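Student: Residue numbers (my numbering): 3 to 131. Heads up, the beta-carbon is just placed ideally off N, CA and C, and yes, glycines get one too. Computed from a prediction, not measured in an experiment: that's the story for all the values here. Before I ask anything, let me first share the structure, which is written out below as C-alpha coordinates.
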(Lines of atoms letter the chains of each structure in order from A and count residues from 1; the text may use other names and numbers.)
(Lines give C-alpha, C1' and ligand atoms only; values in the text may rest on other atoms or scores of the structure.)
Protein backbone atom coordinates (compact mmCIF):
# COMPACT_ATOMS: atom_id res chain seq x y z
CA UNK A 1 0.00 0.00 0.00
CA UNK A 2 1.33 3.40 -0.93
CA UNK A 3 1.34 6.10 1.73
CA UNK A 4 -0.37 9.43 1.16
CA UNK A 5 2.83 11.32 1.95
CA UNK A 6 4.69 9.39 -0.78
CA UNK A 7 1.92 10.09 -3.28
CA UNK A 8 1.83 13.76 -2.38
CA UNK A 9 5.61 14.09 -2.63
CA UNK A 10 5.77 12.27 -5.97
CA UNK A 11 2.83 14.13 -7.49
CA UNK A 12 4.09 17.54 -6.36
CA UNK A 13 7.53 16.90 -7.88
CA UNK A 14 6.02 15.51 -11.08
CA UNK A 15 3.58 18.38 -11.46
CA UNK A 16 6.35 20.94 -10.86
CA UNK A 17 8.42 19.16 -13.52
CA UNK A 18 5.54 19.29 -15.99
CA UNK A 19 4.98 22.99 -15.31
CA UNK A 20 8.71 23.70 -15.31
CA UNK A 21 8.73 25.44 -11.95
CA UNK A 22 11.21 25.15 -9.09
CA UNK A 23 10.50 24.58 -5.42
CA UNK A 24 11.33 28.25 -4.90
CA UNK A 25 8.79 29.37 -7.52
CA UNK A 26 6.10 27.14 -5.98
CA UNK A 27 6.91 28.44 -2.50
CA UNK A 28 6.65 32.03 -3.70
CA UNK A 29 3.26 31.37 -5.34
CA UNK A 30 1.77 30.03 -2.12
CA UNK A 31 3.60 32.35 0.29
CA UNK A 32 5.70 29.76 2.11
CA UNK A 33 9.38 28.83 2.30
CA UNK A 34 11.36 26.77 -0.17
CA UNK A 35 12.52 24.71 2.80
CA UNK A 36 8.92 23.78 3.65
CA UNK A 37 8.23 22.66 0.06
CA UNK A 38 11.42 20.59 0.13
CA UNK A 39 10.40 18.97 3.42
CA UNK A 40 7.00 18.01 1.96
CA UNK A 41 8.66 16.53 -1.13
CA UNK A 42 11.14 14.65 1.08
CA UNK A 43 8.18 13.27 3.08
CA UNK A 44 9.43 14.96 6.27
CA UNK A 45 6.46 17.35 6.68
CA UNK A 46 2.74 16.92 6.13
CA UNK A 47 0.89 20.04 5.01
CA UNK A 48 -2.47 21.11 6.39
CA UNK A 49 -5.58 20.79 4.25
CA UNK A 50 -5.57 24.50 3.50
CA UNK A 51 -1.90 24.29 2.44
CA UNK A 52 -2.70 21.30 0.20
CA UNK A 53 -5.41 23.40 -1.48
CA UNK A 54 -2.96 26.26 -2.00
CA UNK A 55 -0.36 23.87 -3.41
CA UNK A 56 -2.92 22.30 -5.74
CA UNK A 57 -4.03 25.72 -6.96
CA UNK A 58 -0.45 26.78 -7.66
CA UNK A 59 0.18 23.49 -9.48
CA UNK A 60 -3.04 23.95 -11.47
CA UNK A 61 -4.70 20.71 -10.34
CA UNK A 62 -7.60 19.72 -8.09
CA UNK A 63 -6.49 18.78 -4.58
CA UNK A 64 -7.39 15.06 -4.91
CA UNK A 65 -5.05 14.79 -7.91
CA UNK A 66 -2.13 15.34 -5.56
CA UNK A 67 -2.97 11.95 -4.03
CA UNK A 68 -3.72 10.10 -7.25
CA UNK A 69 -1.78 7.00 -8.28
CA UNK A 70 -2.88 7.66 -11.87
CA UNK A 71 -0.08 10.15 -12.33
CA UNK A 72 2.67 7.65 -11.54
CA UNK A 73 4.08 6.80 -14.96
CA UNK A 74 4.12 3.13 -15.89
CA UNK A 75 7.81 3.51 -16.75
CA UNK A 76 8.55 4.38 -13.13
CA UNK A 77 6.67 1.32 -11.92
CA UNK A 78 8.48 -0.92 -14.42
CA UNK A 79 11.82 0.57 -13.41
CA UNK A 80 11.08 -0.13 -9.75
CA UNK A 81 10.02 -3.71 -10.53
CA UNK A 82 13.19 -4.27 -12.57
CA UNK A 83 15.35 -2.89 -9.77
CA UNK A 84 13.71 -5.15 -7.18
CA UNK A 85 14.12 -8.21 -9.42
CA UNK A 86 17.80 -7.41 -9.99
CA UNK A 87 18.32 -7.11 -6.23
CA UNK A 88 16.62 -10.48 -5.67
CA UNK A 89 18.66 -12.14 -8.41
CA UNK A 90 21.89 -10.69 -7.01
CA UNK A 91 21.07 -11.82 -3.47
CA UNK A 92 20.16 -15.34 -4.58
CA UNK A 93 23.21 -15.50 -6.83
CA UNK A 94 25.53 -14.48 -3.98
CA UNK A 95 24.00 -17.11 -1.71
CA UNK A 96 24.51 -19.81 -4.35
CA UNK A 97 28.07 -18.71 -5.00
CA UNK A 98 28.82 -18.94 -1.27
CA UNK A 99 27.42 -22.47 -1.05
CA UNK A 100 29.28 -23.52 -4.22
CA UNK A 101 32.58 -22.27 -2.77
CA UNK A 102 31.98 -24.32 0.36
CA UNK A 103 31.20 -27.36 -1.76
CA UNK A 104 34.31 -26.81 -3.88
CA UNK A 105 36.40 -26.59 -0.72
CA UNK A 106 34.98 -29.95 0.35
CA UNK A 107 33.01 -28.46 3.21
CA UNK A 108 29.78 -30.17 2.21
CA UNK A 109 28.41 -30.51 5.74
CA UNK A 110 28.83 -26.77 6.44
CA UNK A 111 27.02 -25.92 3.20
CA UNK A 112 24.17 -28.33 4.02
CA UNK A 113 23.86 -26.93 7.54
CA UNK A 114 23.66 -23.31 6.32
CA UNK A 115 20.97 -24.28 3.81
CA UNK A 116 19.04 -26.19 6.51
CA UNK A 117 19.22 -23.22 8.89
CA UNK A 118 18.15 -20.78 6.21
CA UNK A 119 15.13 -22.78 5.16
CA UNK A 120 14.07 -23.71 8.69
CA UNK A 121 14.26 -20.01 9.67
CA UNK A 122 12.20 -19.02 6.58
CA UNK A 123 9.51 -21.61 7.27
CA UNK A 124 9.29 -20.73 10.98
CA UNK A 125 9.08 -17.03 10.05
CA UNK A 126 6.17 -17.83 7.73
CA UNK A 127 4.44 -19.87 10.44
CA UNK A 128 4.71 -16.95 12.89
CA UNK A 129 2.99 -14.52 10.52
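#1: Using three-state DSSP, classify residue 107 as helix, strand or coil.
#2: With 16 as the cutoff for other CB atoms within 10 Å, does residue 98 come out buried or exposed?
#3: Identify the continuous alpha helix (DSSP H) that holds residue 35 and give its terminal residues.
#4: Rounded to the nearest angstrom, what separates residue 89 and residue 55 at their Cα positions?
#5: With distances taken from CA atoms, which of 84, 43, 31 and 5 is nearest residue 16?
#6: Given a cut-off of 8 Å, decide if residue 57 and residue 91 are closer than it, judged by their beta-carbon atoms.
#7: Decide if residue 120 is buried, meaning its Cβ has at least 16 other Cβ atoms within 10 Å, or exposed.
Tutor: This is what the structure holds:
#1: Along the chain shown, one-based indexing puts residue 107 at 105. It is coil, neither helix nor strand.
#2: Indexing the chain shown from 1 puts residue 98 at position 96. Looking at its Cβ environment, which holds fewer than 16 other Cβ atoms inside 10 Å, residue 98 is exposed.
#3: What you label residue 35 is simply residue 33 of the chain shown in a count that begins at 1. No alpha helix (DSSP H) holds residue 35; DSSP gives it neither H nor E.
#4: Position 87 of the chain shown holds residue 89. Position 53 of the chain shown holds residue 55. Using only the alpha carbons, I get a separation of about 39 Å.
#5: One-based indexing of the chain shown puts residue 16 at position 14. Checking every option, the nearest Cα to that of residue 16 belongs to 43.
#6: As a first step, residue 91 is located in the chain shown; it is residue number 89 there, counting from the start. As a first step, residue 57 is located in the chain shown; it is residue number 55 there, counting from the start. No, these two residues do not count as a Cβ contact at 8 Å.
#7: Reading the chain shown from its first residue, position 118 is the one you call residue 120. Classification for residue 120: exposed.
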